[in-house]
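Single-structure report; data block below.
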């Protein structure tokens, strides 16, 4: 390359070796018996490299390579990180690194959305006054009992979303158990000067990108139905995020499942909890499932009570954003968590924050209280404790829902504050 004669018509070039000398075989294998050097996303069990390649091609967070084990597809389809994640992986005889053999889409279509639920709030105890402008999305006010009226105070949120099984009613006909619970909570808010808001219209799009991808972008209605329960639970975190940022500047916000009721009407339960939180220096109040044999220390997401602080404002933005990210894992959480996955169940996410990967940042700001007092499950005979003066919240989960109307309306105490002919107790 040196010492040649001078020529104006010739140039000498140095051969540039590619970053990797490995080639791709006819079956798409880039490296046999290897893992990715750096993994980006775990897609879960996928039956074949072909489907794995398709899923990776739809995912911008992935590079152009993925690892897959034909011998053990249950070990999941996993894409390599961009910018070299396919190289320098560990030796693993049953894994292969593949190069994408599916063309990446040039344009990513927006997520499909469902049409609005018609008359979503029909049959709910909505206030007759003009709808306040501060309400978020298509939410409805049940009662604003703040005295004096105006900003601040405690907000009670409940999501009553129309599900595929019509557990919450259909066509404006609401089940007795639901009406009794909502009326009981409305009476509690009235007695103690709180605000109560309901959300009956699911936020669109309901599906996340990763959920739609996992459905292979086919059969939208089926995909929505398969993910409905989890997405309706995540709607609670979105509601919290919405009202944490409200112009009303609420001091505290309770997110309560629509099958749970504040049953100790003589106690201002929420201000009592707020005082406990202040005493302990906590921003988040959660309850466990200690009414169950092995439930002690396990969070039940049916009750989340929060003091509105910079920490909780960031927290619910983080949890919902992590849900949107799925297995891509949200990086650099606002509350300080470096990265964590919150893909499917929001209750698992809370437990991971409490005792798992997020513990260092979450636990110092949160407290766990006994579900026997503040979130008592009504199943397995738990309902008999509804008159126990130590019980503040009763939660009719799963198959126990049907008994809520009888428990709240037919006993010696008037939980709804309206008697047998009121909204909650009258038979329709």
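In this note's numbering, the protein residues as written are 3 to 430.
Every residue, glycine too, gets a C-beta built ideally from N, C-alpha and C.
Provide the residue span of the alpha helix (DSSP H) that contains residue i, from first to last.
i           : result
residue 186 : 178-194
residue 436 : This structure gives no information on residue 436, because the portion of the chain shown stretches from 3 to 430.
residue 361 : 361-364
residue 386 : Residue 386 -> no alpha helix (DSSP H), and no H or E assigned at all.
residue 85  : Here residue 85 belongs to no alpha helix (DSSP H), and DSSP marks it neither H nor E.
residue 406 : 406-411
residue 53  : 51-59
residue 215 : 211-216
Going by DSSP, what residues sit across from residue i in a beta bridge?
i           : result
residue 351 : Answer is none; residue 351 lacks a bridge partner.
residue 263 : 396
residue 197 : 146 and 157
residue 69  : 80 and 99
residue 379 : 397
residue 256 : 158 and 307
residue 497 : Any question about residue 497 goes unanswered here, given that the chain covers just 3 to 430.
Buried or exposed: which applies to residue i, given that a residue is buried once 16 or more other Cβ atoms fall within 10 Å of its Cβ?
i           : result
residue 163 : buried
residue 153 : exposed
residue 23  : In this prediction, residue 23 has a pLDDT of 42, which is less than 50 and means its spatial position is unreliable; what the coordinates show is noted afterwards. Result: exposed.
residue 112 : exposed
residue 48  : buried
residue 131 : exposed
residue 203 : buried
residue 247 : exposed
residue 218 : exposed
residue 429 : exposed
residue 51  : buried
residue 92  : exposed
residue 125 : buried
residue 406 : buried
residue 185 : buried
residue 206 : exposed
residue 308 : buried
residue 274 : exposed
residue 354 : buried
So the beta strand (DSSP E) residue i belongs to, where does it begin and stop?
i           : result
residue 100 : 93-101
residue 159 : 156-161
residue 31  : 31-36
residue 41  : 41-44
residue 306 : 301-309
residue 371 : 368-371
Would you identify the three-state DSSP class for residue i, choosing helix, strand or coil?
i           : result
residue 289 : strand
residue 333 : strand
residue 323 : helix
residue 341 : strand
residue 136 : coil
residue 270 : coil
residue 276 : helix
residue 424 : coil
residue 105 : coil
residue 419 : coil
residue 297 : coil
residue 374 : helix
residue 281 : helix
residue 414 : coil
residue 118 : coil
residue 126 : coil
residue 316 : helix
residue 328 : helix
residue 23  : Note that residue 23 scores 42 on pLDDT, short of 50, meaning its location in the model is unreliable; the coordinates nonetheless yield the value given after this. DSSP places residue 23 in coil when its eight states are reduced to three.
Is the Cβ-Cβ distance between residue i and residue j less than 8 Å?
i           : j           : result
residue 291 : residue 297 : yes
residue 257 : residue 175 : no
residue 397 : residue 276 : no
residue 356 : residue 301 : yes
residue 142 : residue 128 : yes
residue 181 : residue 376 : no
residue 333 : residue 341 : yes
residue 286 : residue 368 : yes
residue 222 : residue 95  : no
residue 324 : residue 351 : yes
residue 144 : residue 199 : yes
residue 212 : residue 328 : yes
residue 73  : residue 45  : no
residue 305 : residue 289 : yes
residue 54  : residue 88  : no
residue 66  : residue 108 : no
Quick check: is any heavy atom of the ligand FMN less than 7 Å from the C-beta of residue i?
i          : result
residue 66 : The ligand FMN is absent from the structure shown, which contains no ligands of any kind.
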